[in-house]
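Numbering (the working numbering), first residue to last: 17 to 634. Glycine is no exception: its CB is placed at the ideal position from the N, C-alpha and C atoms. Please read these numbers as outputs of a predicted model, since none were measured by experiment. Right, one structure below, let's go through it.
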């Protein structure tokens with residue numbers, strides 16, 4: 017029985033998918049309407065026998081022993097598939113396992129992959145998704161994509177169907193797209209995969225992709241003459257347009273879906289009618305909306321009527337016809353109560369059946385009166401044992417949870433200690449570099465600049481020492497420390513570079529707290545490795561807030577990043593900051609992330625752009 021969401025908006029979304037064979041390509045559970053063998057597509061034209069020639073063995077060179085082995089492999093696979101169709105999972109698994117053992121013995125990698133795929137379908141039917149995923153991936157190890165793209169696509173489709181059933185729509189979409197890249201351009205299989213990708217786009221809320229896929233699939237469905245899928249695609253395209261408030265286009269697509277269903281007499285028009293009514297409703301055409309809602313209601317059964325009656329109630333309310341709105345609400349209540357009563361009757365019948373069984377058991381107990389006292393004592397002992405077991409289990413669970421909390425607390429404490437240790441390493445590293453610069457000035461006998469440098473350095477070193485025992489500092493202090501650091505290097509280089517620093521729409525940098533000394537190592541890297549030996553060097557720092565992150569962009573016009581060429585010198589500061597970020601991310605839900613890229617198209621000096629996303633607190 018279909019389950020509908022109660023809110024009118026979400027009911028429309030769900031109804032918009034009713035006519036779709038939602039992810040029903042491969043490895044469906046036996047209880048579903050159309051069962052398919054592993055590696056087969058529902059609705060596709062398939063041979064009567066699911067047999068294949070052995071891999072890397074031309075048919076004309078088969079000797080009697082090879083022919084016998086091929087027959088056995090075909091037999092195991094075909095019989096296993098038939099058993100899978102019949103829902104006999106244990107027997108199907110046994111046939112696939114026997115075939116797997118034989119194909120491994122014969123070193124036939126193609127059949128090894130096929131049998132792993134078949135066993136994955138068995139586990140998927142048996143609601144063991146972890147084992148199914150393992151089998152599918154093992155299948156991909158043995159089937160080569162270049163030699164057998166069709167076989168690989170079957171495994172990808174099975175994985176897509178499995179993840180879709182688990183509501184993991186991202187992975188489902190990924191595997192369906194992989195399968196799409198291996199299928200022929202004008203195949204029925206490709207049409208089914210594209211149709212499922214349209215449905216996944218609706219689940220993921222990616223309506224632009226869904227619209228593009230739907231239009232492409234519509235063209236292919238028209239080419240192949242697949243009217244049932246064409247109706248489904250127009251129904252979902254109507255839903256996509258409705259999500260984007262393109263009501264006229266939603267109505268037009270809904271009518272096309274409806275016309276196809278009327279011409280082919282295939283499938284129920286419930287979803288298309290309800291979608292058209294919804295589009296008219298949202299565009300303010302309440303009379304037409306009510307007309308299509310009524311037609312949808314005529315095709316609805318059981319619980320399907322509930323969301324449509326709510327839509328009718330809302331339409332009447334929009335027209336300020338509260339009498340009719342109340343009538344629709346009463347119908348909704350009556351059906352809801354009737355369904356509740358039906359469920360209650362089913363529960364009563366179940367309880368009655370259990371009661372009759374208990375009564376028979378009691379009669380047997382009466383006939384065995386001599387054992388009644390002993391059985392009663394055994395039952396009491398059993399209850400006491402269960403109570404003790406439950407108490408022990410509860411106590412064990414509480415002890416386990418307490419231990420887990422202690423382990424988590426210890427891990428967090430270790431992470432905090434490691435962060436402080438890394439900062440303690442970073443501060444001496446920074447001071448050491450600054451002292452080298454002072455030594456450079458003294459060596460040049462530039463007394464005036466040495467004094468200016470020492471004065472600036474003393475201010476900066478005081479700030480560094482004051483923040484050395486703090487987890488976070490205000491953005492304003494980090495910015496000021498970075499400015500002082502840049503000025504020191506500017507003095508050291510003889511003003512061979514300039515720098516700019518901007519805060520974009522940050523009104524109160526004192527109220528934004530970030531990890532201490534996080535920006536300085538990247539600025540140092542831009543100076544030392546970026547604009548070194550570059551005339552007219554330029555370093556830009558840009559800060560802005562994006563949602564819950566502070567974005568820091570550090571840009572230079574130097575020689576650019578060199579990914580492939582290893583550096584002869586190991587940057588201690590960079591190693592420390594990378595380790596700091598790793599330990600920070602290990603103990604926080606929001607992570608620090610870094611992206612590197614060139615900052616401009618100049619081939620000689622492409623520059624470097626470092627974008628750091630930093631979680632901040634207030």
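message: Along the chain, where does the beta strand (DSSP E) containing residue 566 start, and where does it finish?
response: 565-572
query: Who are residue 513's beta bridge partners in DSSP?
result: 553
task: Leaving aside the five residues before and after residue 385 along the sequence, list all residues of the same chain whose C-beta is less than 7 angstroms from its C-beta, in chain order.
output: The answer is none, since no qualifying residue turns up.
Beta-carbon separation (whole angstroms), residue 218 vs residue 252, contact threshold 8 angstroms: 6 angstroms
- prompt: Should residue 143 be labelled buried (16 or more other beta-carbon atoms within 10 Å of its own) or exposed?
  reply: exposed
- prompt: Where residue 598 and residue 468 are concerned, what is the direct C-alpha to C-alpha distance, given to the nearest angstrom?
  reply: 37 angstroms
- request: Quick one: residues in its chain with C-beta nearer than 7 angstroms to the C-beta of residue 145, no 5 flanking neighbours on either side, listed in chain order?
  value: 178 and 182
field: Limits of the unbroken alpha helix (DSSP H) element including residue 494
entry: 491-508
field: Rounded separation between residue 402 and residue 414 - CA only
entry: 18 angstroms
message: From the DSSP secondary-structure annotation, give me the bridge partner or partners of residue 530.
response: Residue pairing by DSSP places residue 530 opposite 489 in a beta bridge.
- prompt: Between which two residues does the beta strand (DSSP E) containing residue 610 stretch?
  reply: 609-613
Whole-number beta carbon distance between residue 327 and residue 302, since they are thought to touch under 8 angstroms: Rounded, the Cβ-Cβ distance is 11 angstroms, inconsistent with contact.
message: Residues in the same chain with beta-carbon distance under 8 angstroms from residue 516, minus the five sequence neighbours each way, listed in chain order, please.
response: 554, 555, 556 and 557
query: Which of helix, strand or coil does DSSP assign to residue 199?
result: Coil at residue 199, not helix or strand.
- prompt: Is the segment 526-534 close to the segment 610-624, with three or more CB pairs under 8 angstroms?
  reply: Too few Cβ pairs lie closer than 8 angstroms, so no.
query: From residue 2 to residue 173, what distance separates their C-alpha atoms?
result: Because the chain is modelled from 17 through 634, residue 2 falls outside the range shown and cannot be assessed.
- prompt: In angstroms, rounded to a whole number, what distance separates the CA positions of residue 533 and residue 169?
  reply: Looking at the two C-alpha atoms, the distance is approximately 50 angstroms.
message: My output table needs one value for residue 625: the three-state DSSP class, helix, strand or coil.
response: strand
message: Taking only three categories from DSSP, how would you classify residue 271?
response: helix
Same chain, Cβ closer than 6 angstroms to residue 127, neighbours up to 5 away in sequence not counted: In its chain, beyond the 5 residues on either side, 89 and 119 have a beta carbon closer than 6 angstroms to the beta carbon of residue 127.
task: Take residue 610 as the anchor and find which of 568, 592, 576 and 602 has the nearest alpha-carbon.
output: 568
- prompt: From what residue to what residue does the alpha helix (DSSP H) around residue 547 run?
  reply: That residue, residue 547, is in no alpha helix (DSSP H); it is neither H nor E in DSSP.
message: Which same chain residues end up closer than 8 angstroms to residue 590 when comparing Cβ atoms and leaving out the 5 residues on each side of it in sequence?
response: 537 and 541
task: Counting only the same chain and skipping the five closest in sequence on each side, list residues whose C-beta sits under 6 angstroms from that of residue 266.
output: 254, 257, 258 and 295
task: Could you give the DSSP three-state label for residue 617: helix, strand or coil?
output: coil
message: Measuring straight from C-alpha to C-alpha, what distance separates residue 376 and residue 394?
response: 20 angstroms
field: C-alpha gap between residue 264 and residue 338, whole angstroms
entry: 28 angstroms
message: I'd like to know whether the C-beta atoms of residue 313 and residue 325 end up nearer to each other than 9 angstroms.
response: If you check the CB distance, residue 313 and residue 325 come in under 9 angstroms.
- prompt: Can you tell me whether DSSP reads residue 562 as helix, strand or coil?
  reply: Here residue 562 sits in strand by DSSP.
query: Cβ atoms of residue 276 and residue 246: under 9 angstroms apart, would you say?
result: yes
field: Collapsed DSSP secondary structure at residue 518 in the structure displayed
entry: strand
- prompt: Helix or strand or just coil, what does DSSP make of residue 630?
  reply: Three-state DSSP puts residue 630 in a strand.
query: Do you know offhand how far residue 283's Cα is from residue 315's?
result: Taking the straight line from one Cα to the other gives about 11 angstroms.
- prompt: What number of angstroms, rounded off, separates the C-alpha of residue 101 from the C-alpha of residue 304?
  reply: 45 angstroms
- request: Evaluate residue 547 with the Cβ neighbour count: other Cβ atoms within 10 Å of its Cβ, from every protein chain shown; 16 or more gives buried, anything less gives exposed.
  value: buried
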